[in-house]
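Asks: Supplied in structure tokens, the structure appears directly below.
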Amino acid sequence: MGPPLRLSCTIYWSLITLFWLLAVSSWAAPLATHYGGGFASSVSTKRSVTDFTICEVEALANKSRGGACTQCPRDITVVSRDITKGWFDRQEAAKLQKESEIDVTFFSILNTLDPLTKLLDRNRIPWAVAGGLALKIHGQSDRHTTDIDMVVQTTMPRLRAALSKDKKYIVPGPGWPSESHLRVYRNQGSTERPRYIEIDLVIAGTLTTPESVQVNSKDFTVENERKKLLNIHVMRLGRIFTSKVHALAAEHRKKDDKDMKKDTSWIIDKTPRALLKVQTDLSYALRQLVIKHLIRLKSPLVKKARQLLGVNSPARL
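The sequence shown lines up with residues -28 to -1, 1 to 289 when you count with mature numbering (1 follows the signal peptide of the UniProt record, and there is no 0).
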């Protein structure tokens, strides 16, 4: 074999070796980023949170595509270093929401609510609990919820500034599009073994909420796991019912009918006096929508609901 041929063979095998090394390194890098504990795992992938909507957060919980999050067993929580800095990105939102739904009890919710309300009080931000937690405090004993819904009477910049004073709160990164709603998580565990609770904060006067939380809420005294009495401002049932109806009418509504039926039916059946102003607060079309919903669910409360809501004409599906 002459020198030119030997040189060609050498170049050939060198190229083969180079391509093989490149291929192996390209396979190894994602594995190190997702599963490893060395240098590569500390390098996070920054992703934009542009067009980050509430619906997308819910959808991402069911279809996470990785990103900078470290995948791990269900009982072990390991997140990317961005989250430990106090903010989460588009991909990490799905993981946080999924983890926040695991083993949540009424007492763990109260343990999260207590420091949150103290933080808001220190910053002179009026607040009131809404959603499923509010219904449970009002007396719907079988109502289960895994998060905290709250209406806060402030501005988004003031709200973010208040939350930034407590490093246990994890807020959305740059690009969160809403000036009306902010979804955050509070770490109730340790840095090594975090335990996240989801908190949805809505600015008063937006997204069908009233402008004054004080006028539209009442105080309850609730006992936590340590027998400590907590004073909690809770949205009045009439306002909660109104928000439920608006949610029912929203095109993006994705929660199943089970919770909606339970919530609206409980208010109609157990606390009809709370709906004395509902005919003023809701349009006829929205009140008729409630009747259609109850008919579709074959609820026994259709007749009572017609009387309370002032919907006498038959509601067709």
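Each residue gets a CB set at the ideal place from its N, CA and C atoms; glycine is no exception.
Decide if the region 160 to 175 is in contact with the region 198 to 205; the criterion is three or more beta carbon pairs, one per stretch, under 8 Å apart.
Replies: They do not touch, by the three-pair rule.
Asks: Quick check on Ser255: does DSSP put it in helix, strand or coil?
Replies: Sequence index remark: in the sequence shown, residue 255 carries index 283 (1-based). Reduced to three states, the DSSP call for Ser255 is coil.
Asks: What are the complete beta strand (DSSP E) segments, minimum 3 residues, inside the region 184 to 212?
Replies: List check, beta strand (DSSP E) in window: 189 to 195 and 201 to 207.
Asks: Would you grab the beta carbon distance between Ala102 and Ile212 for me? Rounded to a whole angstrom, and I think it's under 8 Å.
Replies: Along the sequence shown, one-based indexing puts residue 102 at 130. Along the sequence shown, one-based indexing puts residue 212 at 240. Going by Cβ atoms, the distance from Ala102 to Ile212 rounds to 6 Å, so yes, they are a contact pair.
Asks: Roughly how many angstroms lie between the CA atoms of Lys190 and Ala222, to the nearest whole one?
Replies: Here residue 190 is taken as the residue at index 218 of the sequence shown, counted from 1. Here residue 222 is taken as the residue at index 250 of the sequence shown, counted from 1. Answer to the nearest angstrom: the Cα atoms are 27 Å apart.
Asks: Count the other CB atoms, across all protein chains shown, that sit within 10 Å of the CB of Leu92; report buried if there are 16 or more and exposed otherwise.
Replies: Within the sequence shown, numbered from 1, the residue matching residue 92 stands at position 120. Leu92 should be labelled buried.
Asks: Assuming Phe60 and Ile120 are in contact, meaning their beta carbons sit under 8 Å apart, how far apart are those beta carbons, in whole angstroms?
Replies: As a working note, residue 60 is residue 88 in the sequence shown. As a working note, residue 120 is residue 148 in the sequence shown. About 17 Å; that fails the 8 Å criterion.
Asks: Going by other Cβ atoms of all chains shown within 10 Å of its Cβ, with 16 needed for buried, is Arg208 buried or exposed?
Replies: The residue given as residue 208 occupies position 236 in the sequence shown. Label assigned to Arg208: buried.
Asks: Once the 5 residues before and after Ala277 are set aside, which same chain residues still bring their CB inside 7 Å of it?
Replies: Taking the sequence shown and counting its residues from 1, one reaches residue 277 at position 305. Contacts found: Ile240, Val262, Ile263 and Leu266.
Asks: Are the CB atoms of Asp186 and Pro98 nearer to each other than 7 Å?
Replies: Translated into positions along the sequence shown, residue 186 becomes position 214. Translated into positions along the sequence shown, residue 98 becomes position 126. Inspection of the sequence shows that residue 186 is occupied by Gln rather than by Asp. Taking 7 Å as the Cβ cut-off, Gln186 and Pro98 qualify as a contacting pair.
Asks: For Val123, list the residues DSSP reports as bridge partners.
Replies: As a working note, residue 123 is residue 151 in the sequence shown. Val123 is bridged to Ala100 and Val174.
Asks: Evaluate Lys275 with the Cβ neighbour count: other Cβ atoms within 10 Å of its Cβ, from every protein chain shown; 16 or more gives buried, anything less gives exposed.
Replies: Walking along the sequence shown from the start, residue 275 turns up at place 303. Label assigned to Lys275: exposed.
Asks: Could you give the DSSP three-state label for Pro144: helix, strand or coil?
Replies: Numbered from 1 along the sequence shown, position 172 holds the residue referred to as residue 144. Pro144: strand per DSSP, three-state reduction.
Asks: Whole angstroms are fine: how far does the CA of Arg167 sit from the CA of Asp75?
Replies: Within the sequence shown, the letter at position 103 stands for residue 75. Within the sequence shown, the letter at position 195 stands for residue 167. Going from the Cα of Asp75 to the Cα of Arg167 covers about 10 Å.
Asks: If the criterion is Cβ atoms closer than 7 Å, does the pair Leu269 and Lys230 meet it?
Replies: Mapped onto the sequence shown, residue 269 falls at position 297. Mapped onto the sequence shown, residue 230 falls at position 258. No, the pair does not count as a contact, with Cβ atoms beyond the cut-off.
Asks: Excluding the 5 residues preceding and the 5 following Val123 in the sequence, name in chain order all residues of the same chain whose CB lies nearer than 6 Å to its CB.
Replies: On the sequence shown, residue 123 is found 151 positions in, with the first residue counted as 1. So the qualifying residues of the chain are Ala100, Ala102, Val174, Ala176, Thr181 and Val185.
Asks: According to DSSP, His153 sits in a beta bridge with which residue or residues?
Replies: Counting from one through the sequence shown, the residue named residue 153 turns up at place 181. BP columns for His153 point to Val174.
Asks: What is the DSSP secondary structure of Arg115, counted as helix, strand or coil?
Replies: Walking along the sequence shown from the start, residue 115 turns up at place 143. Of the three classes helix, strand and coil, the one that applies to Arg115 here is coil, per DSSP.
Asks: Are there three or more Cβ pairs, one per stretch, closer than 8 Å when the region 126 to 140 is compared with the region 150 to 159?
Replies: Yes: the two stretches touch, three or more of their Cβ pairs being nearer than 8 Å.
Asks: I'd like to know whether the C-beta atoms of Gln260 and Val283 end up nearer to each other than 7 Å.
Replies: Taking the first residue of the sequence shown as 1, we reach residue 260 at position 288. Taking the first residue of the sequence shown as 1, we reach residue 283 at position 311. Going by C-beta atoms, Gln260 is nearer than 7 Å to Val283.
Asks: Per the DSSP calculation, Phe60 is bridged to which residue(s)?
Replies: In the sequence shown, the residue the question calls residue 60 occupies position 88. Paired residues: Pro144.
Asks: Buried or exposed: where does Glu183 fall if 16 or more other Cβ atoms within 10 Å of its Cβ makes it buried?
Replies: Taking the sequence shown and counting its residues from 1, the one referred to as residue 183 is at position 211. Glu183 should be labelled exposed.
Asks: Please report how far the alpha carbon of Leu254 lies from the alpha carbon of Lys242, in whole angstroms.
Replies: By one-based count along the sequence shown, residue 254 stands at place 282. By one-based count along the sequence shown, residue 242 stands at place 270. Rounded to whole angstroms, Leu254 to Lys242 spans 20 Å at the Cα level.
Asks: How would you write the range of the alpha helix (DSSP H) that Arg278 sits in, first residue to last?
Replies: As a working mapping, residue 278 is identified with position 306 in the sequence shown. Residues Val274 to Leu281.
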